[in-house]
Amino acid sequence: MKDIIIIGAGPAGMTAALYALRADKSVLLLEKENFGGQITFSPRLENYPSIMEISGSEFANQLLDQVVAHGAEIELAEALEIKDMGEYKRVHTDYGDFDGKAVIIATGSKHRHLGLDGEEELIGSGISFCAVCDGSFFADKSVAVIGGGNTALQEAVMLSDICKKVTIIQNLSFMTGEGRLLAILEKKNNVDMIFDTVLTGLEARDGELCAINIKNTKTEEEARFELDGMFVAIGQVPENEAFKNVSALDSYGYIVSDENCLTDTEGVFVAGDCRTKRIRQVTTASADGAVAALAACRYIDGLFAK
Ligand SMILES: Cc1cc2nc3c(=O)[nH]c(=O)nc-3n(C[C@H](O)[C@H](O)[C@H](O)COP(=O)(O)OP(=O)(O)OC[C@H]3O[C@@H](n4cnc5c(N)ncnc54)[C@H](O)[C@@H]3O)c2cc1C
Numbered sequence: 014m015k016d017i018i019i020i021g022a023g024p025a026g027m028t029a030a031l032y033a034l035r036a037d038k039s040v041l042l043l044e045k046e047n048f049g050g051q052i053t054f055s056p057r058l059e060n061y062p063s064i065m066e067i068s069g070s071e072f073a074n075q076l077l078d079q080v081v082a083h084g085a086e087i088e089l090a091e092a093l094e095i096k097d098m099g100e101y102k103r104v105h106t107d108y109g110d111f112d113g114k115a116v117i118i119a120t121g122s123k124h125r126h127l128g129l130d131g132e133e134e135l136i137g138s139g140i141s142f143c144a145v146c147d148g149s150f151f152a153d154k155s156v157a158v159i160g161g162g163n164t165a166l167q168e169a170v171m172l173s174d175i176c177k178k179v180t181i182i183q184n185l186s187f188m189t190g191e192g193r194l195l196a197i198l199e200k201k202n203n204v205d206m207i208f209d210t211v212l213t214g215l216e217a218r219d220g221e222l223c224a225i226n227i228k229n230t231k232t233e234e235e236a237r238f239e240l241d242g243m244f245v246a247i248g249q250v251p252e253n254e255a256f257k258n259v260s261a262l263d264s265y266g267y268i269v270s271d272e273n274c275l276t277d278t279e280g281v282f283v284a285g286d287c288r289t290k291r292i293r294q295v296t297t298a299s300a301d302g303a304v305a306a307l308a309a310c311r312y313i314d315g316l317f318a319k
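Start counting the sequence shown at 14; every next residue gets the next number (my numbering).
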């Protein structure tokens with residue numbers, strides 16, 4: 014029996030682990046695939062206070078080293094369900110069951126897919142969600158970035174230094190990402206931007222993406238666009254279906270909670286991008302981790318009051 018089981022080893026889960034360990038609680042950190050979470054996909058983290066610049070993966074590695082040094086136990090396992098056993102909680106995973114006095118859900122979110130025919134088969138064969146991971150495969154090639162928010166613009170900035178040509182395809186009439194990123198892209202002579210345009214189809218040759226079909230939503234004009242690769246950056250979706258028995262989810266699938274990081278079940282807390290909130294960043298995920306961990310400690314010590 015652990016004091017606290019934390020599901021998800023992104024910035025929220027790892028910060029929660031740090032605070033719980035420093036409060037002398039035993040911690041088991043469960044991660045299904047990628048210690049460090051989403052930030053490992055970022056080439057540069059420049060808005061974490063006190064750190065001028067660091068790669069996302071280096072930041073994640075340092076955080077993991079820190080929690081392990083403080084005594085966290087880690088397990089590569091996917092949580093499939095939380096059972097409320099009254100005095101304790103049982104986390105059912107693909108690697109067995111783990112019992113804890115309290116649980117913190119810190120499962121973050123995932124890249125949204127376009128939902129086009131053939132998309133799932135072409136992931137890794139021309140379709141990517143991460144320039145830092147896959148950008149180098151497209152050196153001196155032509156790629157499209159789908160989306161117009163901060164992630165899309167960041168991806169495009171990075172790809173513009175690697176690829177021959179980058180075309181950003183946005184469904185709105187304007188980019189929604191930061192003006193600072195847009196200004197950088199506007200100065201690049203290998204970057205084009207297409208607005209009011211959606212994707213309607215994908216074409217593959219020898220199992221690799223070779224072209225996309227696009228449609229202007231204002232003129233209804235359709236076109237075929239040849240490319241070597243495509244980076245999809247159209248937002249995130251949470252993966253909280255497994256936890257809907259312990260807490261309500263909003264219409265997007267986020268766990269309904271507030272700055273107190275409580276769920277509908279006593280002894281189950283939530284932290285980071287997987288909960289309802291306006292700003293999803295490393296700083297806000299870490300802040301949640303601290304709040305959830307200290308609430309879980311108070312719960313275990315019998316001092317908890319909502
Ligand atoms: C390309 C990119 C660039 C970014 N750049 C910045 C930036 O510059 N600055 C900034 O502040 N933020 C940035 N962000 C956002 C930031 O990464 C997130 O806000 C932050 O990582 C959220 O942390 P989290 O711990 O809540 O969730 P996540 O980082 O998503 O971590 C959740 C973890 O939980 C795991 N998990 C999920 N379900 C389960 C399960 N059932 N069982 C076990 N494990 C599970 C996941 O595998 C994942 O590792 C960026 C994000 C991306 C994708």
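Even glycine gets a Cβ: it sits at the ideal position worked out from N, Cα and C.
Local Cβ density within 10 Å of residue i, reported as buried at 16 or more and exposed below that
i            : result
lysine 102   : buried
arginine 218 : exposed
valine 250   : exposed
cysteine 146 : exposed
Residue from the options whose Cα sits closest to the Cα of residue i
i              : options                        : result
isoleucine 227 : Ala236, Val145, Thr28, Gly139  : Ala236
leucine 77     : Glu168, Gly50, Ala90           : Gly50
glutamate 252  : Ala298, Arg125, Glu66          : Arg125
glutamate 199  : Phe150, Ser173, Gly220         : Ser173
glycine 242    : Lys96, Ala169, Met65, Gly99    : Ala169
asparagine 203 : Phe187, Ile247, Leu222, Ala157 : Ala157
threonine 180  : Pro56, Phe244, Ala306          : Phe244
CA-to-CA distance, residue j to residue i, given in whole angstroms
i                 : j                 : result
phenylalanine 238 : alanine 224       : 5 angstroms
glutamine 79      : leucine 31        : 8 angstroms
aspartate 330     : serine 270        : As displayed, the chain neither begins before 14 nor continues past 319, which places residue 330 out of reach and without an answer.
asparagine 47     : threonine 106     : 16 angstroms
glutamine 75      : valine 81         : 10 angstroms
phenylalanine 142 : phenylalanine 282 : 29 angstroms
glycine 137       : glutamate 221     : 9 angstroms
lysine 231        : methionine 206    : 16 angstroms
alanine 90        : isoleucine 18     : 12 angstroms
phenylalanine 187 : leucine 195       : 10 angstroms
Residue i Cβ short of 6 angstroms to ligand 2 heavy atom set
i            : result
glutamine 51 : This structure lacks ligand 2; its bound ligands are ligand 1.
Legend entry - Three CB pairs or more closer than 8 angstroms across the stretch 207-226 and the stretch 73-87: Counting Cβ pairs under 8 angstroms, fewer than three are found: no touch.
Legend entry - Unbroken stretches of the alpha helix (DSSP H), 4 residues or longer, contained in the stretch 157-236: 163-173, 192-199
Legend entry - Validate contact between the stretch 161-168 and the stretch 261-273 using beta carbons, cut 8 angstroms, 3 pairs: no
Inset, instruction - Tell me, please, whether the stretch 298-306 touches the stretch 19-37 by the rule of three or more beta-carbon pairs shorter than 8 angstroms. - result: yes
Inset, instruction - Would you list, in sequence order, the uninterrupted alpha helix (DSSP H) runs of no fewer than 4 residues that lie entirely inside the stretch 45-96? - result: 69-82
Legend entry - Three CB pairs or more closer than 8 angstroms across the stretch 125-143 and the stretch 276-292: no
Legend entry - Three or more C-beta pairs below 8 angstroms linking the stretch 300-314 and the stretch 112-123: yes
Legend entry - Given 8 angstroms, three or more beta-carbon pairs between the stretch 169-188 and the stretch 144-153: yes
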